[in-house]
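Data first, discussion second: the structure below is written as structure tokens.
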Amino acid sequence: MEGLSGKTESYSWIGGIQNLARRKQADLSDKGDAQLLRSSDSEPKPTKLARELSLPQLVAIGVGATVGAGVYVLVGTVAREQSGPALTLCFLIAGVAAALSAFCYAELASRCPSAGSAYHYSYICIGEGVAWLIGWALILEYTIGGSAVARGISPNLALFFGGQENLPSFLARVYVPWLGIIVDPCAAILVLVVTALLCLGIKESSLVQVIVTAANFIVMLFVIIAGGYLGFQTGWKGYSMTGGYFPNGINGVLSGSATVFFSYIGFDIIACTAEEVKNPKRDLPWGIGLTLSLCCTLYMMVSVVIVGLVPYPTMDPDTPISTAFVENGMHWAMYVVSTGAILSLCSSLLGAILPQPRIMMAMARDGLLPTYFEAVSQTTQVPVRSTVWTGVFTATLAFFMDVSQLAGMVSVGTLLAFTMVAVSILVLRYAPPDEVPEPEFLQELTEIKEYGRRRKATYSIVLICFGALMLTFGASTRFLPVYLQYLACIIGGLLLLFASVILSCIDQHKGRSNFGRSGGFLCPFVPWLPILCIVINIYLLINLGLGTWLRVSVWFLAGILIYIFYGYAHSKAAKVEKAYMRIGSPTHGGTT
Numbered sequence: 044m045e046g047l048s049g050k051t052e053s054y055s056w057i058g059g060i061q062n063l064a065r066r067k068q069a070d071l072s073d074k075g076d077a078q079l080l081r082s083s084d085s086e087p088k089p090t091k092l093a094r095e096l097s098l099p100q101l102v103a104i105g106v107g108a109t110v111g112a113g114v115y116v117l118v119g120t121v122a123r124e125q126s127g128p129a130l131t132l133c134f135l136i137a138g139v140a141a142a143l144s145a146f147c148y149a150e151l152a153s154r155c156p157s158a159g160s161a162y163h164y165s166y167i168c169i170g171e172g173v174a175w176l177i178g179w180a181l182i183l184e185y186t187i188g189g190s191a192v193a194r195g196i197s198p199n200l201a202l203f204f205g206g207q208e209n210l211p212s213f214l215a216r217v218y219v220p221w222l223g224i225i226v227d228p229c230a231a232i233l234v235l236v237v238t239a240l241l242c243l244g245i246k247e248s249s250l251v252q253v254i255v256t257a258a259n260f261i262v263m264l265f266v267i268i269a270g271g272y273l274g275f276q277t278g279w280k281g282y283s284m285t286g287g288y289f290p291n292g293i294n295g296v297l298s299g300s301a302t303v304f305f306s307y308i309g310f311d312i313i314a315c316t317a318e319e320v321k322n323p324k325r326d327l328p329w330g331i332g333l334t335l336s337l338c339c340t341l342y343m344m345v346s347v348v349i350v351g352l353v354p355y356p357t358m359d360p361d362t363p364i365s366t367a368f369v370e371n372g373m374h375w376a377m378y379v380v381s382t383g384a385i386l387s388l389c390s391s392l393l394g395a396i397l398p399q400p401r402i403m404m405a406m407a408r409d410g411l412l413p414t415y416f417e418a419v420s421q422t423t424q425v426p427v428r429s430t431v432w433t434g435v436f437t438a439t440l441a442f443f444m445d446v447s448q449l450a451g452m453v454s455v456g457t458l459l460a461f462t463m464v465a466v467s468i469l470v471l472r473y474a475p476p477d478e479v480p481e482p483e484f485l486q487e488l489t490e491i492k493e494y495g496r497r498r499k500a501t502y503s504i505v506l507i508c509f510g511a512l513m514l515t516f517g518a519s520t521r522f523l524p525v526y527l528q529y530l531a532c533i534i535g536g537l538l539l540l541f542a543s544v545i546l547s548c549i550d551q552h553k554g555r556s557n558f559g560r561s562g563g564f565l566c567p568f569v570p571w572l573p574i575l576c577i578v579i580n581i582y583l584l585i586n587l588g589l590g591t592w593l594r595v596s597v598w599f600l601a602g603i604l605i606y607i608f609y610g611y612a613h614s615k616a617a618k619v620e621k622a623y624m625r626i627g628s629p630t631h632g633g634t635t
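Everything in the sequence shown is counted per our numbering, starting at 44 for the first residue and increasing by one.
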């Protein structure tokens, strides 16, 4: 009996680990699983989000969230310390790298439109455990990102009042000596205002985003046109430096590209609005593509002008654009540029707070968070509860904390999401999940040849990820001996190459076109494009620094505990799986 008890316990552990890889369907509501689950749990039909967004609104949301105030600072920092006059090339390379992820997002968004974005894609393609970590990381990203953006508004606003000391008392930062912190009421107030706007409805908030983004677009056009005029008047002195176009060589351009890559983060927010788009299959891919194209064009044109106006060694690292105009005699332009920076911050703030309630709602729908966060207002058709809690927490963080030291944690969530979306494309094309969990008697009927193909594809995808990790770790790590770095690069590179060739020789799954909603956008150059995307994102993740990873680990540990003690037991995917196993109906069998 004691031996039998030990075996039972070991089987329980194995089953628990296997459950971390359980996957949900691409669209429960269309396949009938949601009805089955409600009939078994007696759950009422939830209110749906309002489908109000068209393509122009999507582009406004994407551009507004992407073109933050970073471009008003990055052009000076990167040109001065890394790229020199080749800054435009940095933005182009970074834009191409971001486009790799954009292609992957476009296919998954059109096939599986859900407010959960990368969390949802990971859940249906990879498994529940990975999906939870991605969703938890995105919550951290948007919370810290929103707080950081809000804290950056008051210094820019102070320029119009002649300094921080002249701001109205209810907006000015105050040092609290007995806490040793500087509180920022302006940041907290703006977060609460944006939260209230989002609670009114997606139509109203998107209208405001369109107006703010259009105004910011006009400011950037002013920078390009007025700066171009000054450049022709002064002879583009920034390009006449003795160091040439590449003063720091190709390494300076590549390191600058890695830095400005993060200025493209934001287009993925469009995927979070999928359930509120009128025509998601058509508009989501176009929205993502147009957002990235517009941002890349604006960045490159601004960088061409500013680098030409001021020699890169003398650029102001904090206010490069406004300083460039001042040094060329156009002092009043400083206020126009500062207005653009404030508008960019406001649109970025709205873009940072918009997706988080929808991700929380998606996780609550799946049972991984309490159902309290699942509720959608019948009046405004937005997740008001999740939005209010998001706004209150973000406002509190922005009020009390200077989150600039935590800024690297924002990148972790984004890059992890980008990586898992690329992996999801490979899974979708070569080993797509079954439509529903199969009863045991149907599993025995699976064709041996097809099973072998799927298993070979799965192993290849795992080896690709492992090889990319070893290669980038060896190329980035400096604390290891040189021979270990070379060894890691060689082994990782060979694994990556071997697995990639094997995967490319495997036929893509015959049912790939029927997965989710058919007829949408298809990512080109599979498997090579997603593989390159995986390598780039893992490289950027490794180079975020040890301190960032230690801080993120604390957040992940808290998330794992919540999943163990709540999410694992309340997972609706597990309930659906058990329901199908119980009825054992052949009509619900999946195709492998």
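The beta-carbon is built from N, C-alpha and C at its ideal position, and this holds for glycine as well.
Note that the structure is a prediction, hence the values are computed from the model and not measured.
For residue i, count the other beta carbons within 10 Å of its own beta carbon; 16 or more makes it buried, fewer makes it exposed. Which is it?
i    : result
E52  : Confidence at E52 is low in this model, with a pLDDT of 45, below 50, so its placement is unreliable and the value that follows should be read with caution. The residue is exposed, with fewer than 16 neighbouring Cβ atoms inside 10 Å.
V102 : buried
S596 : exposed
I293 : exposed
E208 : exposed
T414 : exposed
Q252 : buried
V505 : exposed
A239 : exposed
S160 : buried
A122 : buried
A191 : buried
W375 : exposed
S144 : buried
V219 : exposed
I364 : buried
Of all the options the options, which has the alpha carbon lying nearest to the alpha carbon of residue i?
i    : options                : result
R560 : R154, Q68, V102        : R154
G127 : G274, G299, L240       : G299
L92  : P426, L143, F368       : P426
Q551 : R472, V262, W179       : R472
G451 : I308, V348, V435, K324 : I308
A301 : C242, S454, E184       : S454
I577 : F146, N62, R66         : F146
V262 : V466, P573, G111       : G111
L264 : Y494, L587, I364, V345 : V345
G510 : P524, V544, R498       : V544
T285 : I267, L388, I312, P354 : P354
S248 : H613, T423, G383       : T423
Excluding five sequence neighbours on each side, which residues of the same chain lie with their C-beta closer than 7 Å to the C-beta of residue i?
i    : result
W279 : G351
W329 : L98
S157 : H163, A317, E318, A405
R408 : E417
K1   : Residue numbering for the chain in the displayed model covers 44 to 635; residue 1 lies beyond these limits and cannot be assessed.
W56  : Confidence at W56 is low in this model, with a pLDDT of 49, below 50, so its placement is unreliable and the value that follows should be read with caution. Here the set comprises nothing.
Leaving out five residues on either side along the sequence, give the residues of the same chain with a beta carbon under 6 Å from the beta carbon of residue i.
i    : result
T186 : T437
A258 : L386
Q125 : G295, S298, G299
G107 : Q252, T256, S390, G394
N580 : L458, F461, T462
N199 : S381, A384, I385
Look at the alpha carbon of residue i and the alpha carbon of residue j, and state the distance between them as a whole number of angstroms.
i    : j    : result
G332 : Y526 : 43 Å
G170 : G456 : 17 Å
Y272 : Y282 : 15 Å
C242 : S519 : 44 Å
L233 : S197 : 10 Å
S212 : F443 : 17 Å
A140 : A542 : 22 Å
D326 : K246 : 16 Å
S547 : R498 : 14 Å
T357 : L130 : 15 Å
T90  : W598 : 31 Å
L523 : T120 : 30 Å
T366 : M377 : 7 Å
Under 8 Å Cβ to Cβ from residue i, same chain only, skipping five residues before and after it: list those, please.
i    : result
G75  : Low confidence applies to G75: its pLDDT is 43, below 50, so where it sits in the model is not reliable enough to give any reading.
A616 : R65, R66, K67, Y166, E171, D409, G410
I396 : Y185, G189, V234, V237, T238, L241, T430, T433, G434, T437
Tell me whether residue i counts as near the ligand HEM, meaning its Cβ is closer than 7 Å to at least one heavy atom of that ligand.
i    : result
I504 : The ligand HEM is absent from the structure shown, which contains no ligands of any kind.
As an exercise, report each continuous alpha helix (DSSP H) stretch of at least 4 residues that is fully enclosed by the segment 137-170, in chain order. 161-168
3-residue-minimum beta strand (DSSP E) runs that sit fully inside the segment 191-254, ordered along the chain: 217-219, 224-226
Which full runs of the alpha helix (DSSP H) of 4+ residues lie inside the segment 288-354, going along the chain? 292-303, 312-315, 323-352
Considering only residues of the segment 517-551, which uninterrupted alpha helix (DSSP H) runs meet the minimum length of 4 residues and lie entirely inside it, listed in chain order? 525-548
Pick out the complete alpha helix (DSSP H) segments inside the segment 562-598, 4 residues or longer, and give them in chain order. 571-585
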